[in-house]
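Chemist: Position one of the sequence shown corresponds to residue 25 (the numbering used here), numbered consecutively onward. Positions of the beta carbon are idealized from the N, C-alpha and C atoms, including for glycine. Keep in mind the model is a prediction, meaning the values are calculated, not measured. Just passing along the structure, written as structure tokens.
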Amino acid sequence: MPLSFKERKKILKEANYLELTPYRVYKEEIDEQGIVTVLVPKFTNRFLAKYLLPRLKSTHFKIKLDEIGSETWKQIDGKKNVEQIAEVLSGIFGDKIQPVHDRLTRFFTRMYMEGYISFNEIKKEGE
25 MPLSFKERKK ILKEANYLEL TPYRVYKEEI DEQGIVTVLV PKFTNRFLAK YLLPRLKSTH
85 FKIKLDEIGS ETWKQIDGKK NVEQIAEVLS GIFGDKIQPV HDRLTRFFTR MYMEGYISFN
145 EIKKEGE
């Protein structure tokens, strides 16, 4: 049985954020400048998707990330933990991203709350 939102939030509060391993929930598009656009489906209900999506212009909401958010998204592979991603981003952006741990924690929290990412540790707890 999958974990409820409150149970997942409790796991996040108790966990050391730097040890969590994020993975992407949705697909993305990457443009020529390397900017990522996350593609979020408009409907997850199969009935609505079957009957309404053919009538719509676009089947996805497009969430465009900035330069730092795009690079962070590219680093999310389900294998690197937040600490490793922070080291890579510090190497790429230097002082522009400092304080890196605070920024990443906020970014990942927001992405998780919006449902764009999840964490392997939460998935394992729910199995």
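Thinking just about the alpha-carbon of each residue, which of Glu52, Asn40, Arg127 is nearest to the one in Ile92?
Modeler: Looking at the Cα atoms, Arg127 is the closest of the given residues.
Chemist: Would you kindly work out how many angstroms separate the C-alpha atoms of Glu145 and Ser28, rounded to a whole number?
Modeler: Cα to Cα, the separation comes out at about 15 angstroms.
Chemist: Taking the runs of the alpha helix (DSSP H) that are 4 residues or longer, which of them lie wholly in the segment 28-61?
Modeler: Runs of the alpha helix (DSSP H) inside the segment 28-61: 29-38.
Chemist: Helix, strand or coil for Ile100, going by three-state DSSP, please let me know.
Modeler: It is coil, neither helix nor strand.
Chemist: Check whether the Cβ atoms of Gln53 and Leu63 sit closer than 8 angstroms, and answer yes or no.
Modeler: Checking the sequence shown, residue 53 turns out to be Glu, not Gln. Contact flag set, yes.
Chemist: Do you know offhand how far Lys98's Cα is from Ser142's?
Modeler: Answer to the nearest angstrom: the Cα atoms are 15 angstroms apart.
Chemist: Say whether the segment 103-110 touches the segment 81-90, bearing in mind that this needs 3 or more beta-carbon pairs closer than 8 angstroms, one atom from each stretch.
Modeler: At 8 angstroms Cβ cutoff, the stretches do not touch.
Chemist: Relative to the alpha-carbon of Phe131, which residue among Ser94, Asp119, Ile59, Glu31 has its alpha-carbon at the smallest distance?
Modeler: Nearest C-alpha to Phe131: Ser94.
Chemist: Among Thr45, Lys34, Glu38, Ile35, which has the Cα closest to the Cα of Ile100?
Modeler: When only C-alpha atoms are compared, the closest one is Thr45.
Chemist: Enumerate in chain order the residues of its own chain whose CB-to-CB distance from Tyr50 is below 7 angstroms, with the five nearest sequence positions on each side excluded.
Modeler: Around Tyr50: Val62, Leu63, Val64, Tyr140.
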